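This report concerns only the one structure given below.
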Amino acid sequence: MPKDVNGHLIPGSVGPLLSVPQHIVRPPYVGLVEPPEYTGDNTYSSEEIAKIRAAGRIASRALDAVGAAVRPGVTTAELDRIGHDVVVSSGAYPSTLGYRGYPKSSCTSVNEVVCHGIPDDTVLEEGDIVNVDITAYLDGFHGDTNRTFRVGEVSEEVDLLVTRTEEALRRGIKAVAIGREVNVIGRTIESYAKRFGYGVVRDFTGHGVGSSFHTGLIIPHYDSAPQFNDVIRAGMVFTIEPMLTLGTHEWDMWADDWTVTTRDKSITAQFEHTMVVTESGVELLTVSGDRPA
Ligand code: MF3
Ligand code: CO
Ligand code: CO
Numbered sequence: 003m004p005k006d007v008n009g010h011l012i013p014g015s016v017g018p019l020l021s022v023p024q025h026i027v028r029p030p031y032v033g034l035v036e037p038p039e040y041t042g043d044n045t046y047s048s049e050e051i052a053k054i055r056a057a058g059r060i061a062s063r064a065l066d067a068v069g070a071a072v073r074p075g076v077t078t079a080e081l082d083r084i085g086h087d088v089v090v091s092s093g094a095y096p097s098t099l100g101y102r103g104y105p106k107s108s109c110t111s112v113n114e115v116v117c118h119g120i121p122d123d124t125v126l127e128e129g130d131i132v133n134v135d136i137t138a139y140l141d142g143f144h145g146d147t148n149r150t151f152r153v154g155e156v157s158e159e160v161d162l163l164v165t166r167t168e169e170a171l172r173r174g175i176k177a178v179a180i181g182r183e184v185n186v187i188g189r190t191i192e193s194y195a196k197r198f199g200y201g202v203v204r205d206f207t208g209h210g211v212g213s214s215f216h217t218g219l220i221i222p223h224y225d226s227a228p229q230f231n232d233v234i235r236a237g238m239v240f241t242i243e244p245m246l247t248l249g250t251h252e253w254d255m256w257a258d259d260w261t262v263t264t265r266d267k268s269i270t271a272q273f274e275h276t277m278v279v280t281e282s283g284v285e286l287l288t289v290s291g292d293r294p295a
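Residue numbers are given in this note's numbering: position 135 of the sequence shown equals residue 137, and the series is strictly consecutive.
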């Protein structure tokens, strides 16, 4: 991985735009400076949920393919190309491409990059971790998911961070119940992360998702009560996507206006699912398999 004299990751060079076949329907924001405002209530009918599930399955399968390609020597641009090809060959549009001007079909966030890393010619090395975040848009609906992958063998400290970040997502998911406020999710995640002294990123959050990529509903990953008191209702669709760090929760932004790093350059991991609230908890909508009947 290219690093500066302080051992910090440095930006690589971003390749040309990947093309999307003309028959694939673009989300409404492509070509606009910002997306049109969402005015719905973050709940969806079962027909709409089936469409989010179909989009989410494509995003998850794209991550399966990317994950199988993660190894020392691969570039983040190569990973982006693999995800892009799965999404478009499934007839879907990679939602990040052209979202507020973002230039790629996934976000690839390496080591100290918290989120929104832009795929480039950065070569991954043994011991690195890389989060890959893919959203697919199909038939009017988005499914948004990410995972953190280990590049070869990683240190025990980093290995535990990745394992526990996935566990933090699982615990946040388990806290979801009709009638609770959304701030229960972050309370659960933060109390788990605090056991290990991890930083919990506050300024990037989960969100409502569905007919819009980001609907305006905010799902914090820290204990935000009494703020963020939206009441969880049946049929609500949102993401949970905690970012935990080995150091601070504070962050810096690269000059590209996208790449977010930890301010202390500590290593950080993230996992994300899109889910719908049900009577029994949630159903995950970003899974690769077929749904049991
Ligand atoms: N998929 C990211 C999320 O989880 C958003 C990426 S927006 C981008 O919300 F423009 F940075 F790609
Ligand atoms: Co998201
Ligand atoms: Co995402």
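We treat Cβ as the ideally placed atom computed from N, Cα and C, and that holds for glycine.
Please read these numbers as outputs of a predicted model, since none were measured by experiment.
**Message:** What ranges does the beta strand (DSSP E) occupy inside the stretch 157-199, keeping only unbroken runs of at least 3 residues that lie completely in it?
**Reply:** none
**Exposure label - P222; buried when at least 16 CB within 10 Å** = Within the sequence shown, residue 222 is the residue found at index 220, counting from 1. Looking at its Cβ environment, which holds 16 or more other Cβ atoms inside 10 Å, P222 is buried.
**Request:** Return yes when the C-beta of E50 is under 7 Å from any heavy atom of ligand 2, and no when it is not.
**Result:** If you number the sequence shown from 1, residue 50 lands on position 48. Outside the cutoff, so no.
**Item:** For I269, the three-state DSSP class (helix, strand or coil)
**Value:** Taking the sequence shown and counting its residues from 1, one reaches residue 269 at position 267. Coil, per DSSP.
**Message:** Considering only heavy atoms of ligand 1, does any lie closer than 7 Å to the CB of Y104?
**Reply:** By 1-based counting over the sequence shown, the position of residue 104 is 102. At least one heavy atom of ligand 1 is nearer than 7 Å to the Cβ of Y104, so yes.
**Asked** Along the chain, where does the alpha helix (DSSP H) that runs through I54 open and close?
**Response** Here residue 54 refers to the residue found at position 52 of the sequence shown. Here the alpha helix (DSSP H) through I54 covers 48-71.
**Request:** Can you give me the start and stop residues for the alpha helix (DSSP H) that A295 sits inside?
**Result:** In the sequence shown, residue 295 corresponds to position 293, counting from 1. Element bounds for A295: n/a, residue is neither H nor E.
**Message:** Please determine whether the Cβ atom of T241 lies at a distance below 7 Å from any heavy atom of ligand 1.
**Reply:** For the purposes of this step, residue 241 is taken as the residue at position 239 of the sequence shown. Indeed, a heavy atom of ligand 1 lies less than 7 Å from the Cβ.
**Prompt:** When the distance is taken between beta carbons, is G291 closer than 8 Å to T45?
**Reply:** For the purposes of this step, residue 45 is taken as the residue at position 43 of the sequence shown. For the purposes of this step, residue 291 is taken as the residue at position 289 of the sequence shown. Contact flag unset, no.
**Message:** Cutting at 6 Å between CB atoms, please list the residues of its own chain near D66, excluding the five before and the five after it.
**Reply:** Taking the first residue of the sequence shown as position 1, residue 66 is located at position 64. Here the set comprises S290.
**Item:** Segment contact flag, the stretch 169-189 with the stretch 40-58, C-beta cutoff 8 Å, min 3 pairs
**Value:** no
**Message:** Does the distance between the C-beta of T77 and the nearest non-hydrogen atom of ligand 1 fall short of 7 Å?
**Reply:** Along the sequence shown, read from residue 1 onward, the residue named residue 77 stands at position 75. No, the Cβ of T77 stays beyond 7 Å of every heavy atom of ligand 1.
**Item:** Rounded separation between Y200 and P23 - CA only
**Value:** Working through the sequence shown from its first residue, we reach residue 200 at position 198. Working through the sequence shown from its first residue, we reach residue 23 at position 21. The straight-line gap from Cα to Cα measures roughly 43 Å.
**Message:** Between which two residues does the beta strand (DSSP E) holding G145 run?
**Reply:** Against the sequence shown, residue 145 aligns to sequence position 143. That run of the beta strand (DSSP E) goes 143-152.
**Asked** Heavy atom of ligand 1 less than 7 Å from the Cβ of E274, yes or no?
**Response** Within the sequence shown, the letter at position 272 stands for residue 274. Yes, the Cβ of E274 comes within 7 Å of a heavy atom of ligand 1.
**Message:** Given a cut-off of 8 Å on the beta-carbon distance, is the pair D135 and E36 in contact?
**Reply:** Here the question's residue 135 lines up with position 133 in the sequence shown. Here the question's residue 36 lines up with position 34 in the sequence shown. No; because the gap between Cβ atoms is not below 8 Å, this pair is not in contact.
**Request:** Assign P30 to one of two classes, buried (16 or more other C-beta atoms within 10 Å of its C-beta) or exposed (fewer than that).
**Result:** Within the sequence shown, the letter at position 28 stands for residue 30. The residue is exposed, with fewer than 16 neighbouring Cβ atoms inside 10 Å.
**Request:** Assuming T263 contacts V115 (C-beta within less than 8 Å), just tell me the rounded distance between them.
**Result:** Position 261 of the sequence shown holds residue 263. Position 113 of the sequence shown holds residue 115. Confirmed, Cβ separation roughly 5 Å.
**Request:** May I have the straight-line CA-CA distance separating T207 from V7, to the nearest angstrom?
**Result:** Here residue 207 is taken as the residue at index 205 of the sequence shown, counted from 1. Here residue 7 is taken as the residue at index 5 of the sequence shown, counted from 1. Distance between the alpha carbons of T207 and V7: 32 Å.
**Request:** Please classify S107: does DSSP put it in a helix, a strand, or coil?
**Result:** As a working mapping, residue 107 is identified with position 105 in the sequence shown. Of the three classes helix, strand and coil, the one that applies to S107 here is coil, per DSSP.
**Prompt:** On the three-state DSSP scale, how would you describe V7?
**Reply:** The sequence position of residue 7 within the sequence shown is 5, counting from 1. In the structure shown, V7 sits in coil (DSSP, three-state: anything other than H, G, I, E or B).
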